[in-house]
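Data first, discussion second: the structure below is written as structure tokens.
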Amino acid sequence: MSRRPPRRSAARRRTARPDRRRLRAAARLFLAATGERDLRRDMRRTPERVAEAWATDILSGYAADPARILATGFVSRDRGMVVVRDIPFVSVCVHHLLPFYGVAHVGYLPGRRIVGLSKITRVVDALSRRLQLQERLTRQVGEALAAALAPAGTACRMEAEHLCMTIRGARKRGTRVVTTAWGGAFEGRPALRGEFLRLTSPVERPR
Ligand code: ZN
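Position in the sequence shown (first residue = 1) + 4 = our numbering.
Listed below in structure tokens is the structure:
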């Protein structure tokens, strides 16, 4: 009788953390592979710095759980669209391990519960500080809100510049990638989507 290895539960996946020791070893190998010799003295502590930056900042989102962040909402009778716009974020593309960064606009139509606005910015942080694809990240932000708040609808739009497009490959500086994800009422109602896009379009500032 063959025994299957136990499946990793969702809870366990959530608690997965970057392994600092292995990040440090990987950085050491990476540096050796570049062939750089002249800067050896200067790069002595680089593996440690790289491991520190990736473990505590760049990939810190793996230690955060959006469901927990959104767990402290409160009951409200307000049903108007809530939009938090221009939330800055930095993420890392899973294909090239290069940063992409820009702004996220997040909206929802409350059901019975609403949540503090800073919680929404923290969810964007939790999900962006991981290896990501922008399309997936955009969808995950909406899904996190949908799962935690059972809103009538969710909307997320992200605009970002990808270093893998600007310092390699096409090398087109200033190119921005825009992704959207709609949930619930936003899916079926173009007027709602239009309202969200209007509220999150670039602000005309008086000169
Ligand atoms: Zn990339």
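No residue lacks a Cβ here, since even glycine has one placed at the ideal position from N, Cα and C.
The way I'd put it, the region 166 to 173 does touch the region 89 to 100; three or more beta-carbon pairs between them come closer than 8 Å. In the three-state reduction of the DSSP assignment, residue 47 falls in the coil class, being assigned neither a helical nor a strand state. For residue 99, the distance from the CB to the nearest heavy atom of ligand 1 is below 6 Å.
According to the DSSP secondary-structure assignment, residue 160 is paired through a beta bridge with 110 and 185. The beta-bridge partner set that DSSP reports for residue 135 consists of 96. Inter-residue distance for residue 54 and residue 30 is about 10 Å (C-alpha atoms, whole angstroms). Scanning 143, 161, 188 and 129 for the CA closest to the CA of residue 67 turns up 129.
Assignment of residue 42 by DSSP, reduced to helix, strand and coil, places it in the coil class. Going by beta carbons, residue 159 and residue 93 fall outside the 7 Å limit. Taking all protein chains shown into account, residue 74 has 16 or more neighbouring C-beta atoms within 10 Å of its C-beta and is therefore buried. Spanning the alpha carbons of residue 32 and residue 51 requires a straight line of approximately 5 Å.
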